[in-house]
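Just so you know, the protein sequences line up as chains A and B, in that order.
Everything in the first sequence is counted per the UniProt record's numbering, starting at 1 for the first residue and increasing by one.
Everything in the second sequence is counted per the UniProt record's numbering, starting at 1 for the first residue and increasing by one.
Each residue gets a CB set at the ideal place from its N, CA and C atoms; glycine is no exception.
There are 2 protein chains.
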Amino acid sequence: MGGDFGPHVILPACLSALERYPYLKILLIGEIDQLESLLSKQRFVESIMSRLVLVPSGDSVSMDEKPSSAIRHRQNSSMGLAVKAVAEKQADACVSGGNTGALMAFGRLTLKMLPGIERPAIIASVPTMNGHCYMLDLGANVDSSAAHLLQFAIMASVMVEAVDNKPQPTIGLLNVGEEMVKGNEQVRLANDLVRQQEGLNYIGYVEGNDVFAGKADIVVCDGFVGNVTLKSSEGLARLISRRVRLGFTRNLYRRFLAILARPVLKEIQVQLDPSRRNGATLLGLQGIVIKSHGSADQRCFGYALDRAIAEVLQNVPGRISERLSGYLSSRSD
Amino acid sequence: MGGDFGPHVILPACLSALERYPYLKILLIGEIDQLESLLSKQRFVESIMSRLVLVPSGDSVSMDEKPSSAIRHRQNSSMGLAVKAVAEKQADACVSGGNTGALMAFGRLTLKMLPGIERPAIIASVPTMNGHCYMLDLGANVDSSAAHLLQFAIMASVMVEAVDNKPQPTIGLLNVGEEMVKGNEQVRLANDLVRQQEGLNYIGYVEGNDVFAGKADIVVCDGFVGNVTLKSSEGLARLISRRVRLGFTRNLYRRFLAILARPVLKEIQVQLDPSRRNGATLLGLQGIVIKSHGSADQRCFGYALDRAIAEVLQNVPGRISERLSGYLSSRSD
Chain A
1 MGGDFGPHVI LPACLSALER YPYLKILLIG EIDQLESLLS KQRFVESIMS
51 RLVLVPSGDS VSMDEKPSSA IRHRQNSSMG LAVKAVAEKQ ADACVSGGNT
101 GALMAFGRLT LKMLPGIERP AIIASVPTMN GHCYMLDLGA NVDSSAAHLL
151 QFAIMASVMV EAVDNKPQPT IGLLNVGEEM VKGNEQVRLA NDLVRQQEGL
201 NYIGYVEGND VFAGKADIVV CDGFVGNVTL KSSEGLARLI SRRVRLGFTR
251 NLYRRFLAIL ARPVLKEIQV QLDPSRRNGA TLLGLQGIVI KSHGSADQRC
301 FGYALDRAIA EVLQNVPGRI SERLSGYLSS RSD
Chain B
1 MGGDFGPHVI LPACLSALER YPYLKILLIG EIDQLESLLS KQRFVESIMS
51 RLVLVPSGDS VSMDEKPSSA IRHRQNSSMG LAVKAVAEKQ ADACVSGGNT
101 GALMAFGRLT LKMLPGIERP AIIASVPTMN GHCYMLDLGA NVDSSAAHLL
151 QFAIMASVMV EAVDNKPQPT IGLLNVGEEM VKGNEQVRLA NDLVRQQEGL
201 NYIGYVEGND VFAGKADIVV CDGFVGNVTL KSSEGLARLI SRRVRLGFTR
251 NLYRRFLAIL ARPVLKEIQV QLDPSRRNGA TLLGLQGIVI KSHGSADQRC
301 FGYALDRAIA EVLQNVPGRI SERLSGYLSS RSD
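See the structure below:
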């Protein structure tokens with residue numbers, strides 16, 4: 001029921017995913033009348049229907065509801081039930097386009113944290129010169145301690161190794177410029193902790209410009225900084241795309257040019273389109289929870305489903321848990 | 001002597017500024033042999049020579065020197081002497097392309113802070129949908145308190161009012177998304193302080209995407225967040241510009257298209273070029289100090305000179321000081 005368009009986008013995205021993945025089953029949780037009415041209007045192959053189960057839910061979590069209110073009053077919301085389905089092993093993963101804070105709160109309460117992890121983190125990919133990198137935390141926490149930043153680094157390293165099949169991904173710690181006051185205290189302490197942690201491919205500090213340059217496979221930072229960086233880069237991309245549109249429509253000759261250049265411009269836009277990387281992972285929970293962007297359309301919600309499936313196939317939480325228990329036992333040695 | 005190219009860029013930029021501003025005088029401080037030798041190779045109008053004074057300096061501050069080392073050992077560097085010239089009223093403003101931390105340290109030590117201001121802040125403009133906005137702090141401080149953020153808001157408000165001739169500029173406080181944990185403690189406290197401060201046109205929290213959307217004339221944040229946001233946006237702009245270049249060179253037809261589209265692409269690049277907004281102000285000092293980007297070329301260094309001249313003409317530190325004394329007296333009432 002979450003996101004700007006609710007089941008109008010999510011239902012067709014699910015039907016399309018069921019066609020793409022013959023082994024996929026989906027529990028679609030929401031207001032049952034609405035789901036059934038929408039389903040009756042959709043075209044779909046009959047054979048996939050056996051793999052789609054509609055599950056009725058209670059009141060939805062609103063987009064501006066406080067997480068504390070959601071977990072108190074909305075246990076039977078589509079979001080609450082979806083996370084519960086993962087906890088009760090009825091589902092391997094939960095995908096939601098709803099209120100991020102509430103989703104996180106349900107995850108912590110119902111799924112619990114992995115042993116050794118104190119705080120969940122939101123991780124997603126951003127485009128770089130040579131492909132993409134991952135950035136975390138994107139807003140699950142503010143005021144992260146050095147120990148939290150270390151935990152983020154470990155979890156992300158395992159995730160990227162598993163999902164991108166990239167052994168020993170490089171990790172950078174986001175910091176301010178060389179010539180400035182050298183970072184805040186948490187970042188300086190985290191630098192020592194991450195450097196000392198065996199098994200991580202730590203390359204040291206990276207700066208804002210290094211993120212999109214692709215200097216590290218994983219960029220670790222506090223959720224405040226990560227959230228602002230991600231959102232401001234989305235804002236800048238929109239600004240540039242608007243300037244390009246204005247530049248190519250100013251007169252008749254330029255409009256003609258725009259028609260010729262459209263395939264090129266379209267291709268660049270697709271490469272940089274954040275919706276292609278839709279699906280942020282809530283790392284650190286005992287289960288897979290993926291957050292789709294609230295404004296996602298059908299195609300874009302599909303990417304979030306793809307990501308959930310990839311993480312299930314690679315057993316990301318299990319692998320993180322295994323790696324963590326290794327660290328914990330080596331520390332107590 | 002600062003920046004990547006030292007006097008090779010700064011000297012011609014000064015000669016060009018002396019031509020543009022008939023009332024301008026420049027003290028060019030640096031290694032005198034180098035300056036004289038470079039000057040002898042430059043073409044310039046004889047009449048401007050009477051307004052250019054070469055001043056010999058000692059050892060330069062290196063780009064990676066610690067600020068504490070610079071103020072201990074490099075008092076006679078071009079940077080040290082330039083700031084001193086402002087303190088001793090031989091100059092109305094100092095422009096440097098050197099080590100930012102050292103420049104800040106010389107500013108605090110030699111010029112002193114304005115009464116009521118505890119920390120300097122770096123402010124610069126960024127492009128937006130409707131023109132540009134200003135952002136501060138861009139890296140002078142990490143771990144700014146709520147009181148510091150309030151001081152930044154006051155100083156920026158006076159500066160933008162004076163230099164952009166924009167009465168009552170709107171002020172936003174940078175924060176994370178609505179649905180997330182609502183900001184860190186400093187930001188929540190600063191929100192109360194800025195809201196209560198009379199004479200400020202405060203519009204509340206803004207998010208990362210609002211910066212480039214132009215939601216506020218002034219965006220106030222901690223130096224860590226500001227530095228990372230600015231640098232990551234520069235990195236993203238470079239990424240996009242590279243993708244555009246690659247997109248338009250992939251085959252012969254596209255190269256032909258690129259020639260036709262060049263004026264449009266060039267125009268967009270110019271609009272978004274950060275070097276056009278070169279010249280960050282070190283706000284909060286009892287004097288005008290402008291930091292030029294280290295990689296600035298001649299044209300770009302010229303923009304930093306333009307900014308210094310605009311702030312002198314508008315007497316920015318004097319106006320801030322006046323406004324502050326008003327606030328301080330109204331508070332003690």
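Is there a C-beta anywhere in chain A that falls below 8 angstroms from the one on residue i?
| i | result |
| --- | --- |
| residue 285 (chain B) | no |
| residue 254 (chain B) | yes |
| residue 198 (chain B) | no |
| residue 106 (chain B) | no |
| residue 127 (chain B) | yes |
| residue 109 (chain B) | no |
| residue 290 (chain B) | no |
| residue 118 (chain B) | no |
| residue 203 (chain B) | no |
| residue 176 (chain B) | yes |
| residue 61 (chain B) | no |
| residue 213 (chain B) | yes |
| residue 71 (chain B) | no |
| residue 267 (chain B) | yes |
| residue 248 (chain B) | yes |
| residue 130 (chain B) | no |
According to DSSP, residue i sits in a beta bridge with which residue or residues?
| i | result |
| --- | --- |
| residue 30 (chain B) | B:56 |
| residue 125 (chain A) | A:134 |
| residue 18 (chain B) | Residue 18 (chain B) pairs with nothing; no bridge assigned. |
| residue 170 (chain B) | B:201 |
| residue 280 (chain A) | A:291 |
| residue 219 (chain B) | B:135 and B:172 |
| residue 206 (chain A) | A:174 |
| residue 285 (chain A) | A:113 |
| residue 258 (chain A) | None, per the DSSP bridge assignment. |
Out of the options, which one is the CA nearest neighbour of residue i?
| i | options | result |
| --- | --- | --- |
| residue 144 (chain B) | B:168, B:166 and B:173 | B:173 |
| residue 271 (chain B) | B:95, B:130, B:101 and B:321 | B:130 |
| residue 100 (chain A) | A:307, A:292 and A:314 | A:292 |
| residue 14 (chain B) | B:303, B:313, B:322 and B:321 | B:303 |
| residue 327 (chain A) | A:214, A:68, A:92 and A:200 | A:200 |
| residue 76 (chain B) | B:1, B:266, B:16 and B:114 | B:1 |
| residue 190 (chain A) | A:198, A:153, A:250 and A:214 | A:153 |
| residue 245 (chain B) | A:230, A:261 and A:164 | A:261 |
| residue 111 (chain A) | A:66, A:98 and A:93 | A:93 |
| residue 157 (chain B) | B:242, B:39, B:208 and B:198 | B:198 |
| residue 69 (chain A) | A:265, A:105 and A:49 | A:105 |
| residue 317 (chain A) | A:221, A:45 and A:86 | A:86 |
I'd like to know if residue i contacts chain B, where contact means its C-beta is closer than 8 angstroms to some C-beta of that chain.
| i | result |
| --- | --- |
| residue 179 (chain A) | Because the pLDDT of residue 179 (chain A) is 49, which lies under 50, any placement of that residue in the model is unreliable, and the question is left without a value. |
| residue 82 (chain A) | no |
| residue 143 (chain A) | yes |
| residue 208 (chain A) | yes |
| residue 261 (chain A) | yes |
| residue 139 (chain A) | yes |
| residue 88 (chain A) | no |
| residue 271 (chain A) | yes |
| residue 183 (chain A) | yes |
Would you kindly check if the distance between the Cβ of residue j and the Cβ of residue i is under 8 angstroms?
| i | j | result |
| --- | --- | --- |
| residue 26 (chain A) | residue 281 (chain A) | no |
| residue 224 (chain A) | residue 184 (chain B) | yes |
| residue 128 (chain A) | residue 239 (chain B) | yes |
| residue 24 (chain B) | residue 43 (chain B) | no |
| residue 307 (chain A) | residue 290 (chain A) | yes |
| residue 74 (chain B) | residue 61 (chain B) | yes |
| residue 315 (chain B) | residue 296 (chain B) | no |
| residue 216 (chain B) | residue 228 (chain B) | no |
| residue 163 (chain A) | residue 311 (chain A) | yes |
| residue 138 (chain A) | residue 285 (chain A) | no |
| residue 21 (chain B) | residue 309 (chain B) | yes |
| residue 269 (chain B) | residue 12 (chain B) | no |
Between residue i and the ligand PLP, is there a pair consisting of the residue's CB and a ligand heavy atom that are separated by less than 7 angstroms?
| i | result |
| --- | --- |
| residue 53 (chain A) | No copy of the ligand PLP occurs in the structure displayed, which carries no ligand at all. |
- Query: Pairing CB atoms from the region 143 to 153 of chain A with CB atoms from the region 107 to 121 of chain A, are three or more of them under 8 angstroms?
  - Reply: Segments in contact, yes.
- Query: Between the region 219 to 246 of chain B and chain C, which residues of the former have CB atoms less than 8 angstroms from a CB of the latter, in chain order?
  - Reply: Structure shown: chain C not included; protein chains present are A and B.
- Meets three-Cβ-pair contact criterion under 8 angstroms: the region 187 to 194 of chain A and the region 232 to 246 of chain A: no
- the region 72 to 90 of chain B contacting the region 45 to 58 of chain B, beta-carbon criterion three pairs below 8 angstroms: Counting Cβ pairs under 8 angstroms, three or more are found: they touch.
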